[in-house]
Amino acid sequence: MTEPRLLAVLNGKGGVGKTTTAINLAATYAEQYKVLLVDTDPQASATWWFQRHGQGMGFDLAQEVNPKLLSNVRKLSGYELIVVDTPPALASSALAAVVPIADYVVLPTPPAPIDLAALIETVKQVVQPANVPHRVLLTRVDPRCVAEALEAQNTLLQLGVAACHSFIRAYKAHERAALDGVPITQWKGKQAKEAQADYRRVAEELQRDWR
Numbered sequence: 137m138t139e140p141r142l143l144a145v146l147n148g149k150g151g152v153g154k155t156t157t158a159i160n161l162a163a164t165y166a167e168q169y170k171v172l173l174v175d176t177d178p179q180a181s182a183t184w185w186f187q188r189h190g191q192g193m194g195f196d197l198a199q200e201v202n203p204k205l206l207s208n209v210r211k212l213s214g215y216e217l218i219v220v221d222t223p224p225a226l227a228s229s230a231l232a233a234v235v236p237i238a239d240y241v242v243l244p245t246p247p248a249p250i251d252l253a254a255l256i257e258t259v260k261q262v263v264q265p266a267n268v269p270h271r272v273l274l275t276r277v278d279p280r281c282v283a284e285a286l287e288a289q290n291t292l293l294q295l296g297v298a299a300c301h302s303f304i305r306a307y308k309a310h311e312r313a314a315l316d317g318v319p320i321t322q323w324k325g326k327q328a329k330e331a332q333a334d335y336r337r338v339a340e341e342l343q344r345d346w347r
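Each position in the sequence shown, counted from 1, maps to that position plus 136 in my numbering.
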């Protein structure tokens, strides 16, 4: 049995769409793989979201903050992909355990300059020293102002920080799906299709990159 691929979702700053990204990527990949989401964030937002949904989200969930156990997470059998939602704290021992063993790191951030500045620090301090393939994913992009996202992608490019070409637009659908306790892939309301399409584009792009 081959080891599962490990995808870590990371940002040292809270409130950037990290858990939303982890849940929705896990759900998107679960349409074709056996996926486990590991919630290592003491705030346990992913667990709260997962437990509100009685029917299951298409993937499994485990909660774990013990760095010793986390450093062995790839030895879990029965999964093809493990997505890890990490704590928004760069000094956390969970982060120190997960990043070096990750196959790939996704760094969600809104395109605002203040958010980008914090994120670039995260990349320099945590991701680059571990020498892990990674991409920044722009989240909460105003659908009426996509130019801001393109500008942010350019800034990252100039700084030598890899960024996804696709990005996640800010739709009310994301908040409503979370309140309903479902991933965006299962949400049926207004703008669901657009929101789902954004995550599918990102999932495909990441997959092309890690192959």
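Built from N, CA and C at the ideal position, the CB exists for glycine as well.
Keep in mind it's a predicted model, so treat the numbers as computed, not measured.
{"Query": "Which residues in the same chain as D177 place their Cβ atom closer than 6 Å to its Cβ, once the five residues preceding and following it in sequence are excluded?", "Result": "D221 and P223"}
{"Query": "Assign N267 to one of two classes, buried (16 or more other C-beta atoms within 10 Å of its C-beta) or exposed (fewer than that).", "Result": "exposed"}
{"Query": "Using alpha carbons as the reference points, say which of I320, K204, A163 and Y307 lies closest to L197.", "Result": "A163"}
{"Query": "Is P339 helix, strand or coil by DSSP?", "Result": "Per the sequence shown, the amino acid found at residue 339 is Ala instead of Pro. A339: helix per DSSP, three-state reduction."}
{"Query": "Please report how far the alpha carbon of Q264 lies from the alpha carbon of E311, in whole angstroms.", "Result": "32 Å"}
{"Query": "Please tell me whether, using a cut-off of 7 Å, the distance from the CB of K204 to the nearest non-hydrogen atom of the ligand ADP is below it.", "Result": "Absent from the structure shown: the ligand ADP. Ligands present: none."}
{"Query": "Whose C-alpha, out of I320, L206 and L315, is nearest the C-alpha of R188?", "Result": "L315"}
{"Query": "Any idea if P247 is buried or exposed, counting beta-carbon neighbours within 10 angstroms, 16 or more meaning buried?", "Result": "buried"}
{"Query": "I'd like to confirm the pairing. Which residues does DSSP put opposite A225 in its beta bridges?", "Result": "The partner list for A225 (beta bridge, DSSP) is empty, contrary to what the question assumes."}
{"Query": "For Q332, which residues from the same chain have a beta carbon less than 7 Å from its beta carbon, with the 5 sequence-adjacent residues on both sides left out?", "Result": "I320 and T321"}
{"Query": "So, helix, strand or coil for P203, using DSSP?", "Result": "helix"}
{"Query": "Report yes or no: do three or more beta-carbon pairs, one from the stretch 138-155 and one from the stretch 233-249, lie closer than 8 Å?", "Result": "yes"}
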